[in-house]
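Below is one structure, written out as structure tokens; the observations come after it.
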Amino acid sequence: MEYFLHILILIGIYTILSISLNLLAGYTGILSVAHAAFYGVGAYVAALMALKLHTPFPLNLFLAIGAATLFGAVVGIPSLRIKDDYFVIATFAFQIITFSLLNNLVSFTGGPMGLPGIPQPVIFGFTVSGHIPFLILTFIFCVLTFWIANRIVASPFGRVLKAIREDEVFAQACGKDVSAYKVTIFMIGAGLAAIAGVLYATYISFIDPTSFTVMESIFIISIVIIGGAGNLWGSVVGAAVLVTLPELLRFVGLPNSVAANIRQILYGGLLVAFMLWRPRGFIGEYAFGRGNKAEGSRQKAA
Amino acid sequence: MFNQLLLNSLIVASVYTLVAVSFAIIYSTTRFFHFAHAAVLTAGAYFAYLFHILFGLPLVISIGLAVIFSALLGSLMELCIYRPLRKTNASAMVLLLVSLGIYIVLQNMISMIFGDDTKSIRTGDVVEGINILGARITPIQIFIICSGILLVILVTVFLKRTKTGKAMRAVANDPELADISGINSSRVFLRTFALGSALAGVAGILVALDVDMTPTMGMNALLMGVVAVIIGGAGSIPGVALGALLLALAQNFGVWKISSQWQDTIAFVILLIFLLFRPEGFLGRKVKKATI
Amino acid sequence: MKTGTLLSIENLNKHFDGIKALDDFSCSVGRGEILGLIGPNGAGKSTLFNVVTGFIPRDSGAVYLKGQNITGKPPYKITQGGIARTFQNLRLLRQMTVLENVLLSYKNQPGERLGNIFLKRKKSDEVEAVNGVLAMLLLSQAGISSKAHDMASDLSYGEQKLLSVVCCLASGAELLLLDEPVSGLNPVMIDTILALIKKLPEESKTVILIEHNMDAVAEVCSRVIAMDAGQKICEGTPAEVRNDPRVIESYLD
């Protein structure tokens, strides 16, 4: 039972992560490999505040979101000037640099040893300890994140994002400041990812840089695409599937030593398979990267 | 000290150059970042391990077989995954993403089959190294530098003089014109993958001969190769070599002053600077975008 | 600058790869005019549109809109300033509905600002509703209101061209740059679109249109400029330009 609740909590955390990335990648067409960096910033800021300054959970959450959003601007503003696949490389670079910072600034972040003993959240005097209270907390944040994302995508703002996804030039010609929209949604995605980071840090009570690597970013991308880009429910489905599937294999009797490898092969393989045969994912509205004739690959000017 | 750093830079630059050239050939022709190349690099080293250590074949034969199998691996990726994807008009971004997926699958398979610990194909004793101008260099490292230079020269000649090589350059320079001129792009792509992957296999083996192998060695090497390609300029082999050298110098002299743990950071900060201000690299051409 | 001049283009120069796409090109457009722009392929007509609307930077020269220098401004600012355009390769959002395409084109939508979505929701919704009504009105004037909720990709080529003009109208721009609005269409659709264009001056709109169809140009344009190799080679009424020997020669080269 505890195990089952644990899985549900993880699904919740990854739902928040994939919704936040879906806003960027699924709705705006911005493929970023740096999302784990914002997840990590959220986790580390909240953890450090709690451990070093003993500040209350709501404040830590708020500051974690703020820090990640700001960091989203630091990464997003220069990167979004860069075009197409070079942009992805830039986010790749930022992701690795962030990992190096978390890993090497030992006096600050604990380095590879990480930060143990992160206290549980205390909200209005109530300590969230035990799986069921934590599940409720995670669920509340899932709903909140979903609601925020839904407001955004259902609004005229969301319409501009979808326009950017399909044809940036057309969006510009309609009078939309495309750069501003991209940076804004990038920052929002970063801030929401931080929520997942805070939840993760306070749930596991221990964090280290290995949870926030490029591989983690790719895992989150896989969830978005396999679940379905451009559909918020797709992020829920994707998280449920990709978190549960490797766990199911545990029951088939696979040795623990290869469990991590199998997990990665699973989502890596599914990513390739879905992009080949079902880019729309399970229930996506947007077949990721397909047939964008208006965009086209690099060619010489006519 | 200075001489040692210089020499180390040279050794590292040779590897980077080979990796970068093998990657650049594929990138400039097919126009996307084939990250699974890192897996081919790793596979090259592990194929050599398989043949030499596990099957007991002589080293030279093992290396030859490993290079062939690397070429096959890369070609398979092109045939089975990239080509079908390209037919659906998938963008360069999508191909990049898929290549990451392929890399993850392959790297983990290597981990599962061979284990995560360091494996070696060096069966001789540890050699102390020769002294040149106050710096130490082992025979293998000399071999690496020579192989690197030789292979790059061979590739340059191949691209300039042979029919296939010229076809590759034509497709890289102007895909539409090449198409109209009757060049079969699909065939050129396949050959490009075969050649690039073979070179990657060689690079992996060279690295393994110097510092042994781990399942993640490929990605580390490839990332440096990608940086070299971007700062040097994809369309130009001398540019790529220059980029590799500069990167190696920056890293080696950089960690002299700052701790070696920042090696990656230095590389990626340099990369970002180039992406922002000079994406075509030192010697590359500016690639024009589609019309408005 | 004459009064009544809406757009003034002065000595624009632009080259690509050593080829001069715009060669010291100047012209002005008065309010309420429908100006035709003709010339063989590669004459620089679309390049002119791209430079004026900020999508391509110029080498030298200036563009003035209502007396304001808009040279080098980003495209979205120029649209906001009062110029709307269509594209030669018919850019539209095909994965969105016809109505959504039009709704996107409206300016100053409170719902497009992040703060308003959460804090001023009622106002955003109200303006969105009003725009919805206005959009349906425009679509019915164009004759495609029945397709409002269809995907733009489901429209015929001609209907898509109509839609792109409707989007320009929705933006409220005073100056419309239409790039080959009737090329590739059947006669009925050509008449529909030309009729729409002809009425625009009555609605205080000014038009510059690029066309190869000389009959269409003669029907709606009060003035025509002929281009070749980036230069203006002739200017006058449709009849004058049509029969000018330099113009005829430029098409034969």
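Protein chains in written order, with this note's numbering: chain C, -11 to 290; chain V, 2 to 293; chain H, 282 to 534. For each residue, glycine too, the CB sits at the ideal point set by N, CA and C.
- Item | Exposure label - C/VAL240; buried when at least 16 CB within 10 Å | Walking along the first sequence from the start, residue 240 of chain C turns up at place 252. Exposed: under 16 other Cβ atoms inside 10 Å.
- Message: What ranges does the beta strand (DSSP E) occupy inside the region 317 to 355 of chain H, keeping only unbroken runs of at least 3 residues that lie completely in it?
- Response: 341 to 346
If you drop the 5 nearest sequence neighbours on each side, which residues of the same chain put their C-beta closer than 6 Å to that of C/ASN48?
The residue given as residue 48 of chain C occupies position 60 in the first sequence. Excluding residues within five positions, the ones whose Cβ falls inside 6 Å are ALA34, MET37, ALA38.
Quiz prompt | Pairwise C-alpha distance: V/SER29 and V/ALA199 | solution = Along the second sequence, read from residue 1 onward, the residue named residue 199 of chain V stands at position 198. Along the second sequence, read from residue 1 onward, the residue named residue 29 of chain V stands at position 28. Cα to Cα, the separation comes out at about 17 Å.
Margin query: Using DSSP's beta-bridge definition, name the partner residues of H/HIS296.
Written below: Mapped onto the third sequence, residue 296 of chain H falls at position 15. Answer is H/LYS301.
Same chain, Cβ closer than 7 Å to C/GLN160, neighbours up to 5 away in sequence not counted: Locating residue 160 of chain C in the first sequence gives position 172, counting from the first residue. These residues qualify, in order along the chain: VAL166.
Quiz item: Counting along the chain, where does the alpha helix (DSSP H) carrying V/MET113 start and finish?
Solution: Your numbering for residue 113 of chain V matches position 112 in the second sequence. Start and end: 93 to 115.
- prompt: Assuming C/ALA227 and C/TYR27 make a contact with CB atoms under 8 Å, what is their CB distance in whole Å?
  reply: What you label residue 227 of chain C is simply residue 239 of the first sequence in a count that begins at 1. What you label residue 27 of chain C is simply residue 39 of the first sequence in a count that begins at 1. Contact flag wrong, Cβ pair sits at about 13 Å.
Exercise for review: Confirm, please, whether the CB-CB distance from C/ILE53 to C/ILE253 is below 8 Å.
Suggested key: Taking the first residue of the first sequence as 1, we reach residue 253 of chain C at position 265. Taking the first residue of the first sequence as 1, we reach residue 53 of chain C at position 65. Result no, Cβ atoms of C/ILE253 and C/ILE53 do not sit closer than 8 Å.
Minimum C-alpha distance to C/VAL94 - residue among C/TYR74, C/PRO197, C/LEU58, C/THR3: As a first step, residue 94 of chain C is located in the first sequence; it is residue number 106 there, counting from the start. When each option's Cα is compared against that of C/VAL94, the closest is C/PRO197.
Residue range of the unbroken beta strand (DSSP E) whose run includes V/LYS164: Here the question's residue 164 of chain V lines up with position 163 in the second sequence. Not the beta strand (DSSP E): V/LYS164 falls in the alpha helix (DSSP H), residues 164 to 174.
Original post:
Which full runs of the alpha helix (DSSP H) of 4+ residues lie inside the region 37 to 100 of chain V, going along the chain?
Top reply: 38 to 50, 60 to 78, 84 to 88
- In the structure shown, what three-state DSSP assignment does H/ILE290 receive? Taking the third sequence and counting its residues from 1, the one referred to as residue 290 of chain H is at position 9. Reduced to three states, the DSSP call for H/ILE290 is strand.
*Limits of the unbroken beta strand (DSSP E) element including H/ASP509*: By one-based count along the third sequence, residue 509 of chain H stands at place 228. Start and end: 504 to 509.
Point to revise | Where C/ILE65 meets chain H, residues with beta-carbon distance less than 7 Å | key: The residue given as residue 65 of chain C occupies position 77 in the first sequence. What C/ILE65 touches in chain H: nothing, since even the nearest Cβ is about 16 Å away.
Q. Since H/GLU516 is in the beta strand (DSSP E), which residue starts that stretch and which ends it?
A. Walking along the third sequence from the start, residue 516 of chain H turns up at place 235. Run containing H/GLU516: 512 to 517, per the beta strand (DSSP E) assignment.
- Nearest-angstrom Cα separation, counted from V/THR266 out to C/THR291: Past the boundaries of the shown model lies residue 291 of chain C; chain C is included only from -11 to 290, so the question cannot be answered.
message = Taking DSSP's pairing of strands, which residues face C/LEU242 in a bridge?
response = Residue mapping note: residue 242 of chain C aligns to position 254 of the first sequence, counting from 1. Paired residues: none, contrary to the question.
Just tell me which of H/LEU419, H/ILE425, H/LEU400, H/ASN389 has its CA closest to the CA of H/VAL408.
Locating residue 408 of chain H in the third sequence gives position 127, counting from the first residue. Checked all of H/LEU419, H/ILE425, H/LEU400, H/ASN389; the closest Cα to H/VAL408 is H/ASN389.
* Determine the closest residue to V/GLN142 out of V/THR119, V/LEU97, V/GLY75, V/LEU210, with distance taken between C-alpha atoms. => Locating residue 142 of chain V in the second sequence gives position 141, where the first residue counts as 1. Ranking V/THR119, V/LEU97, V/GLY75, V/LEU210 by Cα distance to V/GLN142 puts V/LEU210 first.
Are the C-beta of V/ALA91 and some C-beta of chain C separated by less than 8 Å?
Residue numbering aside, residue 91 of chain V sits at position 90 when the second sequence is read from its first letter. With 8 Å as the cut-off, V/ALA91 counts as an interface residue toward chain C.
Where V/LYS120 falls: helix, strand or coil (DSSP):
Within the second sequence, the letter at position 119 stands for residue 120 of chain V. It is a strand residue.
* Asked: What are the residues that DSSP puts in a beta bridge with H/ALA365?
  -> Within the third sequence, numbered from 1, the residue matching residue 365 of chain H stands at position 84. Paired residue(s): H/LEU457.
Note the first and the last residue of the continuous alpha helix (DSSP H) segment covering C/ASN92.
Looking up residue 92 of chain C in the first sequence gives position 104. Here the alpha helix (DSSP H) through C/ASN92 covers 72 to 92.
Beta strand (DSSP E) runs wholly inside the region 431 to 490 of chain H, at least 3 long, in chain order: Counting only runs of 3 or more, we get 456 to 460.
Between the alpha carbons of C/GLY113 and C/VAL186, how many angstroms are there, rounded? Looking up residue 113 of chain C in the first sequence gives position 125. Looking up residue 186 of chain C in the first sequence gives position 198. Going from the Cα of C/GLY113 to the Cα of C/VAL186 covers about 18 Å.
(request) Specify, as a first and last residue, the run of the beta strand (DSSP E) that V/ILE133 falls within. (result) Numbered from 1 along the second sequence, position 132 holds the residue referred to as residue 133 of chain V. 131 to 133 is the extent of the beta strand (DSSP E) around V/ILE133.
Label H/GLN441 either buried or exposed according to how many other C-beta atoms from any shown protein chain fall within 10 Å of its C-beta, with 16 as the threshold for buried. The residue given as residue 441 of chain H occupies position 160 in the third sequence. Buried.
In chain V, what lies closer than 7 Å to C/ALA78 by C-beta? Your numbering for residue 78 of chain C matches position 90 in the first sequence. In chain order: LEU273, LEU276.
Item to complete: Go ahead and label V/LYS120 buried or exposed: buried means 16 or more other beta carbons lie within 10 angstroms of its beta carbon, across all protein chains shown.
Response: Counting from one through the second sequence, the residue named residue 120 of chain V turns up at place 119. Counting every other CB atom within 10 Å of its CB across the protein chains shown gives V/LYS120 a total of 16 or more, marking it as buried.
Query raised in the report: Would DSSP call H/THR378 helix, strand or coil?
Result: What you label residue 378 of chain H is simply residue 97 of the third sequence in a count that begins at 1. In the structure shown, H/THR378 sits in a strand (DSSP, three-state: E or B).
Using a beta-carbon distance cut-off of less than 9 Å, what residues from the region 46 to 74 of chain C approach chain V? PRO66, SER67, ARG69, ILE70, LYS71, ASP72, ASP73, TYR74
Requested in this report: Check whether the Cβ atoms of H/GLU393 and C/VAL157 sit closer than 8 Å, and answer yes or no.
Outcome: Residue numbering aside, residue 393 of chain H sits at position 112 when the third sequence is read from its first letter. Residue numbering aside, residue 157 of chain C sits at position 169 when the first sequence is read from its first letter. Not in contact: H/GLU393 and C/VAL157 (Cβ atoms no closer than 8 Å).
Exercise for review: Go ahead and pull the three-state DSSP assignment for H/GLY311.
Suggested key: The residue labelled residue 311 of chain H in the question sits at position 30 within the third sequence. The answer is strand: DSSP assigns H/GLY311 an E or B state.
Quick check on V/ARG137: does DSSP put it in helix, strand or coil?
Taking the second sequence and counting its residues from 1, the one referred to as residue 137 of chain V is at position 136. Three-state result, V/ARG137: strand.
Worksheet entry | As assigned by DSSP and simplified to three states, the class of C/LEU103 | Reading the first sequence from its first residue, position 115 is the one you call residue 103 of chain C. Strand at C/LEU103.
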